[in-house]
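The structure under discussion appears below in the form of C-alpha cells.
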Amino acid sequence: MGDDLLARHRAVLPSWVPIYYPDDPIEIVSGSGRRVVDQAGRGYLDFFGGVLTNMIGYDVAEVREAVERQLATGVVHTSTLYLIRQQVELAEKIARVSGIPDARVFFTNSGSEANETALLMASNLRRSHQILAIRNSYHGRTLATMGVTGHRGWSASSLNPLSVSWLHSGDRVRGLLAGLSDSDHIDAAVEDLREVLATQTAGDVAALIAEPIQGVGGFVHAPDGTLGALKKVLDETGILLISDEVQTGWGRTGEHFWGYQAHGVVPDLLTFAKGIGNGFALAGVVGRAEVINAVPAVSFSTFGGNPISTAAGNAVLDYLLDHDLQANAARTGAILLDGLRAAQPRFKILAEVRGRGLMIGLEFVRPGTREPDAPATVRVFDECRRNGLLVGKGGLYNNVLRMGPPLTLTEDEAREGLGILVNAIATVDAEAVIR
Ligand code: PMP
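In C-alpha cells:
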C-alpha cells in the first residue's frame, strides 16, 4: 500500500480493532451495484456488503438523490427535539411493515444502541434485570449488549449490568442439540428453557433476547418454530421476547420479511440496524405501543433518526419494497444454496451449508471429524479474495464463512460468486488429508 495506511491505522487505532486480510488489507475506494474497487484498482464482487450493511448495493441513485436533497436544505441535523419529517415518514413505513400491531418506533444510531434500548425498555417495564440470552449470540458492544453476547471472541467484558441466564443455541453441527430432528430439537429447547427458568431465575425475568439466525455466531439457526414454542412458555409469566433483526430483517431471508416470521411468533420488541441505512448510521427499536409507551424513562438521542439517515432510510425502504427485493433474495439465494449443497458431497472439509435467502453460512471442519478448522476457513476466505470475491468470517470457532450480499444481487452475479466459492473450497479441500 502506497502510504501504508495499515501502519498508520495500527499506530492510532486500538490494537484490538479487527482488520480483514492483514497481510494485504483492502481499502475500498469506490463501489457500484454489487461491486467495489480497492486502492490498487482491484475489483471485487461483494458478498459481505460491509457485514450486511450495503443492503441495496453501492451508489444507488435514489438514495444519493434523497440525501443530496436534504443536504441542499443546508441542514445536516439540528436536534431530534424538533420535528423531522423524514423521521416520521420512515417510522410510519417501518410500523406498517413491522408486523407488530399498533407499533411505535424509536430511532438509534447503531444496532448496539437499539439492543441496549430494548433491554432497558424490557427491564424497566418488568422491573427486573434478569434476561435470558442464547449461547453463541452477538448483540453489540455496549455493557448490557455484551452482557447478553454469548461468544467469547466478542464479549470482552465480564462486568454485566444484567443478570443473564443462557439457553442452548440452535447449532446443528455440535453441542447438546446437534443431530436431533426438528421436532425433537424444539422439544429440547423448550425443556432447556423451563429448566433454566426453574433453576437459575427467581421467576421475575424481563425478557429473552434472540437473533432468529445468529449472525456473528456463524448463521446458526434453530428449526423454524423454535422461538414460537419458547414464546408460549414466556407468555405464562409475561416475559417479553426481543427479536434482534439487525442481520435478519428487511427480507434478507427470502421467505420472510423478518426472521421472527419463520418461527410463528410476533416479538414484543424488534431491533433493526445495518441495511436500512444502506451505509448511513440508522437503527432502532419497534414494539407495541403498550410496551414502548409504558417504559418509565424519557429517552432522547441527539442523532437517532436524524434527517440525513432517515432520508436515506426512506429511499432504501421504498426501493426495497418497489423492487420486491425479498423475492430476489429468495431467488438468488436459492441459486447459491442449491449450488453449494450440490457441491458439498465433493468436499471433505465442508460440514454444513446453511442459511436462508441471502444469508448463507459454510462451516468447515477437519476431514472426517466435527473439529472446527479455522485455518482451512481462512484459506478459503483468502482464496475467494484472490479471485475477486469478498465474503465474511464468523462462528464461535472462526470456522464459518458468511455470505450476505446486497439484496439486489443478480442471478448472473450469484452464479459468478458460486463459481469462485466452489473453486476456492475445492483448492483448499484438495490440500486436506483425512487423518
Ligand atoms: N445485533 C446483531 C445481530 C449484529 O450482527 C450486530 C452487529 N454485527 C449488532 C447487534 C450490533 O450492531 P452495531 O455494530 O451497529 O452496534
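According to the working numbering, the sequence shown holds residues 1 to 435 in order. Every residue gets a Cβ at the ideal spot worked out from N, C-alpha and C, and that includes glycine.
- Glu116 and Thr80 do not touch by the CB rule: their CB atoms are close to 17 angstroms apart, not below 8 angstroms.
- Per DSSP, the continuous beta strand (DSSP E) segment holding Asp38 begins and ends at 35 to 38.
- The beta carbons of Leu320 and Ile56 sit closer together than 8 angstroms.
- Phe300 counts as exposed, since fewer than 16 other beta carbons sit within 10 angstroms of its beta carbon.
- Taking all protein chains shown into account, Gly215 has 16 or more neighbouring C-beta atoms within 10 Å of its C-beta and is therefore buried.
- Scanning the region 49 to 122 for uninterrupted alpha helix (DSSP H) segments of 4 residues or longer gives 49 to 52, 61 to 72, 85 to 97, listed from N- to C-terminal end.
- Excluding its 5 nearest sequence neighbours in each direction, Phe48 has C-beta neighbours in its own chain below 8 angstroms: Leu390, Val391, Gly392, Arg402, Met403, Gly404, Pro405, listed in chain order.
- Arg379 and Asn54 have their alpha carbons spaced roughly 25 angstroms apart.
- Taking 7 angstroms as the cut-off, the C-beta of Gly99 does not count as close to any heavy atom of the ligand PMP.
- With contacts defined by Cβ atoms closer than 8 angstroms, Gly179 and Gly394 do not form a contacting pair.
- When Cβ pairs closer than 8 angstroms are counted between the two stretches, the region 421 to 431 is seen not to touch the region 64 to 84, the count staying below three.
- DSSP lists no bridge partner for Ile186.
- Gly50 and Thr201 have their C-alpha atoms roughly 38 angstroms apart.
- Below 8 angstroms, too few C-beta pairs join the region 158 to 177 and the region 260 to 278 to call them touching: fewer than three.
- The shortest C-alpha to C-alpha distance from Pro307 to any of Asp46, Ile84, His323 is the one to Ile84.
- Ala283 has its Cβ nearer than 7 angstroms to a heavy atom of the ligand PMP.
- Only residues of its own chain outside the window of five on either side were considered, and among them Asp38 have a CB closer than 6 angstroms to the CB of Ile26, listed in chain order.
- Rounded to whole angstroms, the Cβ separation of Ala206 and Ile131 is 6 angstroms, and the two are in contact under 8 angstroms.
- A straight line joining the alpha-carbon of Gly361 with that of His9 spans about 30 angstroms.
- In the structure shown, Ile134 adopts extended strand secondary structure according to DSSP, grouped into three states.
- Here DSSP, grouped into helix, strand and coil, assigns Thr271 to strand.
- For Phe364, the uninterrupted beta strand (DSSP E) run begins and ends at 359 to 364, by DSSP.
- No residue range can be given for Ile276, since it is assigned to no beta strand (DSSP E) and is classified by DSSP as neither H nor E.
- Under the three-state reduction of DSSP output, Val400 falls in the strand class.
- Sixteen is the threshold: since fewer than 16 other Cβ atoms of the shown chains lie within 10 Å of the Cβ of Ser15, the residue is exposed.
- Nearest to Gly31 by C-alpha distance, out of Ser158, Gly279, Leu6, is Gly279.
- Remark: the shortest separation between the CB of Gly215 and any heavy atom of the ligand PMP falls under 7 angstroms.
- Val316 sits buried, since 16 or more C-beta atoms from the chains shown fall within 10 Å of its C-beta.
- Distance from the C-beta of Val353 to the nearest heavy atom of the ligand PMP is not below 7 angstroms.
- Per the DSSP secondary-structure output, Phe280 pairs in a beta bridge with Asn278.
- Annotation for Val220 indicates a beta carbon at 7 angstroms or more from all heavy atoms of the ligand PMP.
- Here Val164 carries a strand assignment [DSSP, helix/strand/coil].
- With respect to the C-alpha of Trp250, the residue from Pro212, Leu230, Val233, Leu227 having the closest C-alpha is Pro212.
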